[in-house]
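Here our numbering is used: the first residue of the first sequence is -11, the next is one more, and so on.
For each residue, glycine too, the CB sits at the ideal point set by N, CA and C.
Structure record follows, encoded as structure tokens.
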Amino acid sequence: MPELPEVETIRRQLDAMLPGSRIVAAWAHPSAKFASAVDATGAAVMAVRRRGKYLLVDLDNGRELIAHLGMTGAFSIAEHGGTPVAGPYTRAWWTLDDGRTVLFDDTRRFGRIAVVDAGQYRSLPTLDALGPEPFDPMFTPKVLWEALRGTKRRLKTQLLSQRPVAGVGNIYADEAFWAAQVHPARRSLTLRQAERLHAGIKQALVRGLDAGGTTLRDYRGVDGRGGENQFNLDCYGRRGLPCHRCGDLLEAAVWDGRTTTYCAQCQGPTPRR
DNA sequence: GGCTGGCCCTGTACGC
DNA sequence: TGCGTACAGGGCCAGC
């Protein structure tokens, strides 16, 4: 499940390989989620950027190719020429003028490809309303506090909406709340708690970036290699295992359709509502 | 306008 | 061994 560290790892790999190449042919799965991938045909790649969990490929015709990896999306590059070898889960491919082919595979089809006019994200409402980048100086504890206290939703649900901050998914949210010792099911927080959560978010993401991402099942970089942050996790997926801080067994629950792991001792009792 | 819950989608794990 | 079911979850959207 690619989140910011995984998407950034892929971005760095693609940005080192694609700029300067022109797309001479393309194919897309007929699903509306992928069909517009062929609209990039004829354009040259200028740069590969990232916003939250979205990859933004700048094209030289004033358009952007946007990719969201969903749960199982992955890019790979076939170096040799000839007919692209699409697998059963290939959802799009682009052949470049140097003979290489970029493939996008997505087993569960939660991903998405779109080609839009540069900066026009109205067809992607989450991207259009994305919060600040976590390493942007404008993302301060106070900004986070105000984004979270202005809602009645659970703090984690609001965080996963991508509006308080961009790029945090289930794994890094659980890690951040654990590090901050804030219960994710709370619906309010103090400025002091927001300061700890702000630090926890950045700490969790930096650990993920330094480890090349978290590979629990599907995530692979463009080079086919997984990340190693799964060995650093303190909370996510550790239900029933001892808390690395207090030794109590971690608990898990489903709130708003998302499984959440937490330490009832360190992060406090579950709010009644 | 904010919030909730259902849906999409398929491999894996597990029980019978 | 084979079948059925539950589960994983990011983003979108309908309904309240």
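If you compare the alpha carbons of Arg260, Gln255 and Gly209 with that of Gly61, the shortest gap goes to Gly209. Boundaries of the alpha helix (DSSP H) harbouring Tyr160: Asn158 to Ala168, taken from the DSSP string. Judged by pairs of C-beta atoms under 8 Å, the segment 125 to 141 touches the segment 184 to 204, as three or more such pairs exist. For the pair of segments examined, the segment 90 to 97 was found not to touch the segment 234 to 252: the number of CB pairs separated by less than 8 Å stays below three.
Judged by beta-carbon spacing, Gln150 lies within the 8 Å limit of Gly119, meaning their Cβ atoms are closer than that value. A Cβ-Cβ contact shorter than 8 Å links Leu44 with Arg37. Here Ala32 has Arg10 and Asp48 as same chain residues with Cβ atoms under 6 Å from its own Cβ, once five neighbours each way along the sequence are excluded. For Leu148, the enclosing alpha helix (DSSP H) begins and ends at Leu143 to Leu148. Taking C-beta atoms as the reference points, Glu121 and Ala154 count as a pair closer than 8 Å. In this structure, Glu216 lies away from Ala192, with their beta-carbon atoms at least 8 Å apart.
Shown here for Asp27: same chain residues with a beta carbon closer than 7 Å to its own, the five before and five after excluded, namely Val103 in chain order.
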